[in-house]
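Using the UniProt record's numbering, count along the sequence shown one by one with no gaps and you end on 148. Report on the following structure.
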Amino acid sequence: MKMIYNKILEKIICLSNKINQNNKKPNNYGTDHILYTSEIHMIEATSTHKNVNASELAAIMGITNGAINQVANKLIKKGLLEQYRTNDNKKDVYYKLTSQGEIANIAHSNYHKEQYSNMEEYINKLSLEEINTINNFLDELINSWPSN
């Protein structure tokens, strides 16, 4: 049992390393700008969660308000994001994608569809019980993962 446990831990570390390496590489998502992972994921979150303020977006993404401001300012300079306030709430800051931000979001979505198509095929072959076991394991992994 100890050997199996060690093999699982090695695979988790290997996956973590692959994710870390991939996250360091910027990509072009159909605009004139190279985007880092934090930038394209803010674009994705802004598209998915409309009408949420900067603080809510920070909570959704699991980053600080300061990090949201830094990434947002970079995206605004690149012409991919716009900042606005509502008439009834002048205090909170909101963001929306520009047409170039929409292009980047669609290209990013297509990138993920292509990247995960093999995984989707594999999951579709599993029983509901197997899917639930994997999902429960991933929940436990996420909840026990050390945070900075």
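Cβ atoms here follow ideal geometry from the backbone N, Cα and C, with glycine treated the same way.
Going by the DSSP bridge assignment, what does Ile34 pair with across the sheet? Asn28
Alpha carbon to alpha carbon, how far is Asn136 from Pro146? Give it in angstroms, no decimals. 18 Å
With 16 other CB atoms within 10 Å as the buried threshold, where does Leu138 fall? exposed
With DSSP as the reference, please indicate the residues paired to Glu10 in a beta bridge. DSSP output for Glu10 lists no bridge partner at all.
Since I believe Tyr94 is in contact with Asn53 (beta carbons under 8 Å), could you give me their beta-carbon distance rounded to a whole number of angstroms? 6 Å
How long is the line joining the alpha carbons of Asn118 and Lys125, rounded to whole angstroms? 11 Å
Three-state class that DSSP yields for Leu81 in the structure shown: strand
How would you write the range of the alpha helix (DSSP H) that Asn136 sits in, first residue to last? Leu128 to Ser144
Reference Gly30, options Leu141, Ile142, Ile76 and Ser99, closest by Cα: Ser99
Count the other CB atoms within 10 Å of the CB of Ile12; is the residue buried (16 or more) or exposed (fewer)? exposed
Pull up the DSSP beta-bridge partners for Thr86, would you. Asn89
Within the same chain, show all residues whose beta-carbon is closer than 8 Å to that of Ile34, passing over the 5 residues directly before and after it, in chain order. Pro26, Asn27 and Asn28
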